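S.K.: Residue numbers (the numbering used here): 7 to 338. Glycine included, every Cβ here is placed at the ideal spot set by N, Cα and C. Computed from a prediction, not measured in an experiment: that's the story for all the values here.
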Ligand code: 13P
């Protein structure tokens with residue numbers, strides 16, 4: 007058993023309290039690779055932002071759980087080396103689906119875990135979340151739980167349909183589980199295809215899809231029921247169309263990929279939403295840079311040559327989110 011405190015990580019408690027009060031949101035970036043980790047840390051240090059580095063079950067299967075944990079420990083030391091003496095970095099489990107997985111992460115030094123029982127019947131979701139909270143709180147680890155179902159596909163989490171969170175359930179759920187933050191469903195979804203063309207309108211000038219707006223009425227009702235309680239938005243990539251265009255120009259095929267418009271995320275950040283999850287945008291930024299580089303340099307084969315622009319492009323995207331969308335810069 008290793009405590010996250012020994013690794014220099016922090017939990018989400020104080021970070022979220024400040025973010026809710028200050029009207030901004032903490033970025034929660036998923037990572038699987040060293041280049042993503044480096045880009046996240048560089049972006050957080052340069053913007054003086056707290057950051058959540060999150061690992062999904064799929065990431066653990068891909069990269070190895072132990073390696074990812076040491077990478078997070080390395081992230082703290084790397085941030086210090088870059089000139090940030092007291093970085094605020096959370097290592098978070100994204101979409102934990104069992105008590106055992108959450109316990110394993112807590113025992114190996116995670117400072118925060120999500121238990122996602124959102125696909126279970128209400129009472130079972132409560133029982134599972136409470137079991138995780140009871141264990142996690144013994145070690146000062148914070149817990150995110152979820153009510154409502156997001157559509158889309160992300161690693162091992164997928165659902166064809168979404169169910170908005172019912173505001174009338176949130177008080178009972180948060181009190182009975184004791185969770186520290188609540189992920190809600192208000193129309194975001196996982197992946198690069200958040201909406202079908204039938205759910206969108208089309209911009210007559212660009213031909214691009216315009217997605218339906220998020221259900222801010224539900225968010226505001228939830229805020230009224232749980233004043234000051236930290237709310238989390240999953241599925242919040244905006245699927246930048248310049249990256250999609252680059253991918254398509256250099257041999258990719260992502261027709262009609264569409265995300266959440268950044269103005270809506272900006273609006274959400276000012277509310278009780280204090281954690282915004284972004285994964286697909288990093289995947290797109292990485293893929294766009296690699297496709298472009300390899301198409302323009304067909305004789306190159308050293309991974310460092312194409313991973314360097316990929317890392318730069320992800321860093322640019324992370325900084326943009328922090329400064330122009332979430333507003334978490336200068337909050338260390
Ligand atoms: P995106 O697929 O929109 O990046 O969402 C990521 C996410 O919510 C991870 O839990």
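Hey, would you say the C-beta of residue 242 is under 7 Å away from at least one heavy atom of the ligand 13P?
M.R.: Yes - the ligand 13P has a heavy atom lying nearer than 7 Å to the Cβ of residue 242.
S.K.: Along the chain, where does the alpha helix (DSSP H) containing residue 262 start, and where does it finish?
M.R.: Element bounds for residue 262: n/a, residue is neither H nor E.
S.K.: Please determine, among 72, 82, 261, the residue with the shortest C-alpha to C-alpha distance to residue 250.
M.R.: Nearest C-alpha to residue 250: 261.
S.K.: Beta carbon of residue 3, beta carbon of residue 36: below 8 Å?
M.R.: Examination of residue 3 is not possible in this model, given that the chain is present from 7 through 338 alone.
S.K.: Roughly how many whole angstroms lie between the Cα atoms of residue 227 and residue 173?
M.R.: About 6 Å.
S.K.: Would you mind working out which of 108, 45, 149, 32 sits nearest residue 272, comparing C-alpha positions?
M.R.: Per the Cα distances, 32.
S.K.: Suppose you measure from the CA of residue 294 to the CA of residue 112; what does that come to, to the nearest Å?
M.R.: Distance between the alpha carbons of residue 294 and residue 112: 35 Å.
S.K.: May I ask you to report which of helix, strand or coil DSSP gives residue 151?
M.R.: Note: residue 151 maps to strand in three-state DSSP.
S.K.: For residue 157, list the residues DSSP reports as bridge partners.
M.R.: Partner(s): 195.
S.K.: Between the alpha carbons of residue 318 and residue 84, how many angstroms are there, rounded?
M.R.: Straight-line Cα distance between these residues: approximately 17 Å.
S.K.: With DSSP as the reference, please indicate the residues paired to residue 57 in a beta bridge.
M.R.: DSSP lists 95 as partners of residue 57.
S.K.: Measuring straight from C-alpha to C-alpha, what distance separates residue 175 and residue 139?
M.R.: Looking at the two C-alpha atoms, the distance is approximately 18 Å.
S.K.: Less than 8 Å between the C-beta atoms of residue 244 and residue 266, yes or no?
M.R.: Contact flag set, yes.
S.K.: Helix or strand or just coil, what does DSSP make of residue 114?
M.R.: Looking at residue 114 - three-state DSSP - the assignment turns out to be coil, as it is neither helix nor strand.
S.K.: On the CB-based measure, 16 or more other CB atoms within 10 Å of its CB, does residue 203 come out buried or exposed?
M.R.: By the neighbour-count rule (16 or more Cβ atoms within 10 Å), residue 203 is not buried but exposed.
S.K.: If you reduce the DSSP assignment to three classes, tell me which class residue 370 lands in.
M.R.: Look at the range of the chain in this structure, 7 to 338, and you will see that residue 370 is not part of it.
S.K.: Roughly how many angstroms lie between the CA atoms of residue 52 and residue 128, to the nearest whole one?
M.R.: Distance between the alpha carbons of residue 52 and residue 128 is about 42 Å.
S.K.: May I ask you to list the residues that DSSP assigns as paired with residue 119?
M.R.: Note: residue 119 sits in a beta bridge opposite 99, 149.
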